[in-house]
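Residue numbers (the numbering used here): 3 to 225. All C-beta atoms in this analysis are idealised placements derived from N, C-alpha and C, irrespective of residue type, glycine included. Below you'll find the structure, written out as structure tokens, and then a few comments.
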Amino acid sequence: MNLEKIPLDELWEKMQDDLYDGLADEVVAATAETLRRQLTPQEILANGLIAGMDIVGEDFRDGILFVPEVLMAAKAMKAAVALLRPLLVESDVPKFGTVVIGTVKGDIHDIGKNLVAMMMEGAGFEVINLGVNTDANKFLAALRDHNAQILGMSALLTTTMPYMRTVVQALKDEGLRDKTYVMVGGAAVNAAFAEDIEADAYGPDAATAVSLAKWAIKHEKRL
Ligand code: B1M
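What follows is the structure, encoded as structure tokens:
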């Protein structure tokens, strides 16, 4: 199919359908075409990839899709995000702060957390990405080893988000809480929960997470 001839709204629809079907090559090709049309990574994520993944999430919830299909969709999304990565991380800004980020213990969802990490890099942060299933000791060791000012935790499951409270408590126990700006996010989390566990900020999306982190550094919050 000649993607260059497809109107943009149909291209978004195709990208979402192909993501749903886990067709990585097709999703990558559509992503490349949107880049050729000079759309921004943020537009591509919002209108194509994240929009497609939201549909996958709904059908996963409703028992229409199962783990193997969702894994295929996640693989396709990751392949497309790899194409956006150079644009998301490219930055002439000198590094001005360090962020330790990870998905909390028990949770292996990493697409959103990796987007936050990439966009933080693009904004000029040094990012220590600890991956998934990260326990409190690992978060604390990385904060110390890298002298990081910001801790970012991601959780997508209602069963794993309470672990964020455990990490905040560990920071308090180890005397690191006052020097660390704690940000939380991920589909399971909301602002009320962030406040309840005494995190400093909740990021509903990657762009907001970056703005909050920049604000924290600028205003020397907990540094
Ligand atoms: Co999972 N899963 N999953 N899954 N999965 C959800 C989260 C779910 C909502 C689906 C559903 O039922 N509708 C549901 C959770 C229900 C709940 O707890 N309330 C669910 C479930 C139940 C499960 C399993 C338990 C299923 C099972 O095995 N029975 C299992 C758990 C595994 C585990 O972690 N232990 C499981 C497994 C999986 C896969 C492995 C198949 C796969 C993950 C692959 C991967 O990540 N490598 C998967 C996927 C893909 C999803 C959905 C469909 C999509 C998640 C995603 O990548 N979204 C998801 C449905 C959904 O969320 N709508 C679902 C796109 C991504 C860009 O968004 O991660 O939210 P998100 O990130 C956003 C913001 O939240 C924010 O910025 C990002 C970009 O804007 N953000 C932050 C994220 N982290 C942040 C941190 C910040 C700030 C902002 O500061 C530090």
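As DSSP reads the structure, V30 sits in no beta bridge. Linking L41 to A172 through their CA atoms gives a straight-line distance of about 43 angstroms.
The residue among G59, L153, V191 and A81 with its C-alpha nearest the C-alpha of P164 is V191. In the three-state scheme derived from DSSP, where H, G and I count as helix and E and B as strand, T100 is classed as strand. The DSSP-derived three-state label of A78 is helix. N116 has its alpha-carbon roughly 9 angstroms from the corresponding atom of G104. A125 sits in coil when the DSSP states are folded into three classes, being neither helix nor strand. Judged by DSSP in its simplified three-state form, N135 adopts coil rather than helix or strand. Residue environment for M3: exposed (fewer than 16 other C-beta atoms within 10 angstroms of its C-beta).
CA-to-CA, the gap between A81 and A26 works out to about 6 angstroms.
Distances between the C-beta of R87 and the heavy atoms of the ligand B1M are all 6 angstroms or more. Taking a cut-off of 8 angstroms on C-beta distances, the segment 126–134 does not touch the segment 59–73, as fewer than three cross pairs fall below it. Secondary structure note for V58: its alpha helix (DSSP H) is the uninterrupted segment I52 to R63.
Around the CB of F141, 16 or more other CB atoms lie within 10 Å, so the residue is classed as buried. Sequence-distant partners of A75 (beyond 5 residues in either direction) whose C-beta falls short of 7 angstroms from its own C-beta, in its chain, are L21, Y22, G24, M55 and V58.
The Cβ atoms of D109 and T160 lie no closer than 7 angstroms to each other. At a cut-off of 6 angstroms, the beta-carbon of K77 does not count as near the ligand B1M: no heavy atom of the ligand is closer than that. Distances from the alpha-carbon of V118 to those of K174, L158 and G154 put G154 closest. DSSP places V170 in the uninterrupted alpha helix (DSSP H) bounded by Y165 to D175.
Under the three-state reduction of DSSP output, I8 falls in the coil class, being neither helix nor strand.
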